[in-house]
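Written below as structure tokens is the structure these notes are about.
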Amino acid sequence: MPMTGTDQAANRTTPRPPGRPLRYRADIQGLRAVAVGLVVADHILGWPHGGFVGVDVFFVISGYLITSLLLRELRTTGTVSFRDFYVRRAKRILPAAMVVLVVTVAIGYVVWFLPRANQSALDALAAALFVENWHLVAVGSDYLQASGPVSPVQHYWSLSIEEQFYAVWPLLLFAAFGLFDLRRRPGRLRWLITAGIVLSLAWAAYRTSTAPTAAYFDTFARAAELLSGALVAVVAGQVALADRFRAGLSVAGLVVVLGSAVVISPTSPFPFPWVLAPVLGTAMVLLADPPASPATVLLTNPVAQRLGQWSYSIYLWHFPVVVFGVVLLGGSIGVELGLVALTLLLAAASYRWVERPVLALRSRPRYTSGWERRRGTGVLLPVSLAAVLLVLGTAQFWAPASLRGAGTLSADPASSGDRPPAAVLSERVQDALAADSWPADLRPSFDELGPEQQAVAMGTAAPGCRNIVGASDEPLVCQSGPEDASRTALLVGDSVAMSWAPTVNATFEGDDWQVLALGYANCPFIDVAVAPEIEAPGFPEECAAARDGTLEFIEETSPEVLVVSAGQGYLGDLVSGAEGEDVLDEWQRGLESTLEAVQPYVGSVVVLSNPPLGADPRECGVRLGSPDDCVREMTRGYVDKSAAERAAVEELQAAGADVTYVDTRDLFCADDRCPAFIGSVLLRTDETHLTAAAAELVTAAIRDMVPARLTS
2 MPMTGTDQAA
12 NRTTPRPPGR
22 PLRYRADIQG
32 LRAVAVGLVV
42 ADHILGWPHG
52 GFVGVDVFFV
62 ISGYLITSLL
72 LRELRTTGTV
82 SFRDFYVRRA
92 KRILPAAMVV
102 LVVTVAIGYV
112 VWFLPRANQS
122 ALDALAAALF
132 VENWHLVAVG
142 SDYLQASGPV
152 SPVQHYWSLS
162 IEEQFYAVWP
172 LLLFAAFGLF
182 DLRRRPGRLR
192 WLITAGIVLS
202 LAWAAYRTST
212 APTAAYFDTF
222 ARAAELLSGA
232 LVAVVAGQVA
242 LADRFRAGLS
252 VAGLVVVLGS
262 AVVISPTSPF
272 PFPWVLAPVL
282 GTAMVLLADP
292 PASPATVLLT
302 NPVAQRLGQW
312 SYSIYLWHFP
322 VVVFGVVLLG
332 GSIGVELGLV
342 ALTLLLAAAS
352 YRWVERPVLA
362 LRSRPRYTSG
372 WERRRGTGVL
382 LPVSLAAVLL
392 VLGTAQFWAP
402 ASLRGAGTLS
412 ADPASSGDRP
422 PAAVLSERVQ
432 DALAADSWPA
442 DLRPSFDELG
452 PEQQAVAMGT
462 AAPGCRNIVG
472 ASDEPLVCQS
482 GPEDASRTAL
492 LVGDSVAMSW
502 APTVNATFEG
512 DDWQVLALGY
522 ANCPFIDVAV
532 APEIEAPGFP
542 EECAAARDGT
552 LEFIEETSPE
562 VLVVSAGQGY
572 LGDLVSGAEG
582 EDVLDEWQRG
592 LESTLEAVQP
602 YVGSVVVLSN
612 PPLGADPREC
622 GVRLGSPDDC
632 VREMTRGYVD
642 KSAAERAAVE
652 ELQAAGADVT
662 YVDTRDLFCA
672 DDRCPAFIGS
682 VLLRTDETHL
692 TAAAAELVTA
702 AIRDMVPARL
712 TS
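Residue numbers (our numbering): 2 to 713.
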């Protein structure tokens, strides 16, 4: 996160004749301290909830400072020394950033098992190449990856956006000065930058409304913030403000920044329109440029100056510190305060022994080298750099998936090895809750954990059948057993339903059974409108269409047994906005409607509850931890959803329908506590989906809960 285009010279902004330094502004240094303080407080202490706007403050500051430096060079020499510009940026940004990445990746391999450590290494590679923002957009487009644990280098997304801006902005300014004769007509630059801001805000508004997660990391949606700083740099020398108004404007801007951090929350539409608040507040402070007075002491006091000086290192270190700290030490207030102290200690050391020594290696600036004086050669550097970043960013989407998601050591799902009855499973659950070490023969092992360990049906390509809502292709259908079998069982639902495929296949195994499966990610086969957070705004309608298509498939196949299952996360994603008991009533009515709709086409229906949510083993499973770290309390959501589903089934049973409800809580939990393994089987690949081995493990117990007449 920014603070990056800012060496000491970049904190001096009033244009001066060549050879004279630009004036140092203490209020900008203090504003950096405020910005990084907001970010750290949000990430470590959890308040203010809108502390992430500190990133936007840094964007505006960077746009202002970099543009001020470039304009000074253009106005005094008529050109830009791209080489000198990028050398300065590299010396300012690369050393500390690379040190933090190397240390973070190394600690990741010490603390985590291979899947998460490898993923962190891939994230760090994208961060080192300054395309972390596009890397995160690409990862977020993968349903299973998007629900994964937080990367310790995720915060490099903002640094990537700044570097992408630095790659093209000097070239654009240089070209604009030549094409629009800006040396003689400088007023034109205001309109050019304003046009860029308007276009960026329009794109941000569109992306926020259609793909809010991607919009947050989108370079073009964020460009308006950097350009706003650039606009302030252009107009600052052209606006006459009396000194008595400057202090008030600065304080007012600071109040707007702080107020936005309190008012804005993670659920606020962002970046558009809420980003306008911190951008406006920052622009007010930058434009004010007040003389020293008691009114500006919040920004100019010695503590703020020191924190501003360390702000870049503070930002780089704080996120790995909080990610590793919470994993290893928990999240108590004492731990949080300790993490803040550790962040400051690492930042001070980084500034003292990494940043300062490199910055001290200054060569005499040369605005235009002989190489750059040769016509056309000077622009090759920024053009090449922009092209490289474009290729690397595009590669996050179109290159092999291995560039954004780490694989495991094994591509073959582990097998449970046995199928104990319910009574034996209950005993093993109790044993797992009391265990103080992980089984030596854990299957799959933590080093093998990944999507490959899920049911084959979870794949989005054949032989899988987890379809993507809205896809125009013919839906994938899984098939197990002989195609000419006399009886058919059909499993339908979402990805949770598909994770049950090994269980359903084994429950209805035999020469006279064919088992089919058809599922849609994030889309339950329950008659309710849902809008999961990671999906686009048109998702509810597309999901409804997918349900209609599934109903048509049920009508075509007329299965003897229909198995329906759905995850529990939808209770908070209802389009209706229902709350409390109304949520459960809506879910119950939706299931009743679904069961009534399928009755004419099926023999019997089995409603299979989702496995109770468990701790995500990718987060809780660490090399220095124990099984108790991965024990999770039974969630109220499961209890309520199960009660609503049971009530719906009982309503249909009372009306004479052949419907059975299977509650799986006692197969995975005891005394409202749910372990991460049973026997020697690791149960989940994340908090929601079963491993294939776990789905196989509970087969006998679930088969015993299904009426014998259905499976015989």
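Yeah, the Cβ is synthetic: ideal placement off N, Cα and C, and Gly gets one too. Values in this document were obtained by computation on a predicted structure and should not be read as measured data.
Just to confirm my understanding: we take residue i, look at its own chain, exclude 5 residues before and 5 after, and list those with CB closer than 7 Å. What are they?
i, result
"residue 712", "508, 509 and 704"
"residue 701", "420, 421 and 422"
"residue 398", "139"
"residue 638", "569 and 572"
"residue 369", "At residue 369 the pLDDT is 46, less than 50, meaning the model places this residue with poor confidence and gives no usable figure here."
Identify the continuous alpha helix (DSSP H) that holds residue i and give its terminal residues.
i, result
"residue 472", "Here residue 472 belongs to no alpha helix (DSSP H), and DSSP marks it neither H nor E."
"residue 250", "244-264"
"residue 35", "27-41"
"residue 275", "From DSSP, residue 275 is part of no alpha helix (DSSP H); its letter is neither H nor E."
"residue 552", "540-558"
"residue 190", "188-211"
"residue 591", "582-599"
"residue 428", "423-435"
"residue 352", "No alpha helix (DSSP H) holds residue 352; DSSP gives it neither H nor E."
"residue 526", "That residue, residue 526, is in no alpha helix (DSSP H); it is neither H nor E in DSSP."
"residue 503", "502-508"
"residue 384", "381-399"
"residue 313", "303-330"
Report back the beta-carbon spacing between residue i and residue j to the nearest angstrom; my notes put them in contact at under 8 Å.
i, j, result
"residue 669", "residue 612", "6 Å"
"residue 678", "residue 443", "6 Å"
"residue 503", "residue 226", "Going by Cβ atoms, the distance from residue 503 to residue 226 rounds to 49 Å, so no, they are not a contact pair."
"residue 172", "residue 389", "Not a contact, Cβ separation roughly 14 Å."
"residue 55", "residue 36", "4 Å"
"residue 484", "residue 515", "6 Å"
"residue 520", "residue 499", "4 Å"
Is the Cβ-Cβ distance between residue i and residue j less than 8 Å?
i, j, result
"residue 625", "residue 329", "yes"
"residue 454", "residue 211", "no"
"residue 67", "residue 170", "yes"
"residue 530", "residue 545", "yes"
"residue 576", "residue 541", "yes"
"residue 73", "residue 360", "no"
"residue 517", "residue 558", "yes"
"residue 690", "residue 405", "no"
"residue 645", "residue 588", "yes"
"residue 311", "residue 352", "yes"
"residue 676", "residue 430", "yes"
"residue 627", "residue 438", "yes"
"residue 464", "residue 263", "no"
"residue 324", "residue 187", "no"
"residue 450", "residue 686", "yes"
"residue 316", "residue 40", "yes"
"residue 76", "residue 184", "yes"
Only counting the same chain, and skipping five residues up and downstream in sequence, which positions put a Cβ closer than 8 Å to that of residue i?
i, result
"residue 555", "491, 493, 563, 599, 602 and 603"
"residue 673", "634 and 635"
"residue 663", "607, 608, 609, 610, 703, 706 and 707"
"residue 151", "324"
"residue 96", "355, 356 and 359"
With respect to the beta strand (DSSP E) encompassing residue i, which residues constitute its N-terminal and C-terminal limits?
i, result
"residue 488", "488-494"
"residue 479", "479-481"
"residue 623", "Segment: none, residue 623 is in no beta strand (DSSP E) and carries neither H nor E."
"residue 606", "605-609"
"residue 521", "514-521"
"residue 563", "562-566"
Going by beta carbon distance, what residues of the same chain come within less than 6 Å of residue i, once the five residues before and after it are set aside?
i, result
"residue 65", "230, 233, 234 and 287"
"residue 252", "296"
"residue 270", "209"
"residue 426", "668 and 702"
"residue 524", "470, 495, 544 and 547"
"residue 282", "254, 257 and 258"
"residue 695", "682 and 684"
"residue 125", "102, 106 and 154"
"residue 165", "220 and 390"
In chain order, each beta strand (DSSP E) run of at least 3 residues that lies wholly inside the region 654-698: Within the region 654-698, the complete beta strand (DSSP E) runs of at least 3 residues are 660-663.
Entirely within the region 128-177 and at least 4 residues each: give me those alpha helix (DSSP H) ranges in chain order. For the region 128-177, whole alpha helix (DSSP H) runs of length 4 or above, ordered along the chain, are 133-141 and 144-147.
Which ranges would you report for the alpha helix (DSSP H) in the region 30-102 if only whole runs of at least 4 residues count? Segments of the alpha helix (DSSP H) lying fully in the region 30-102: 55-78.
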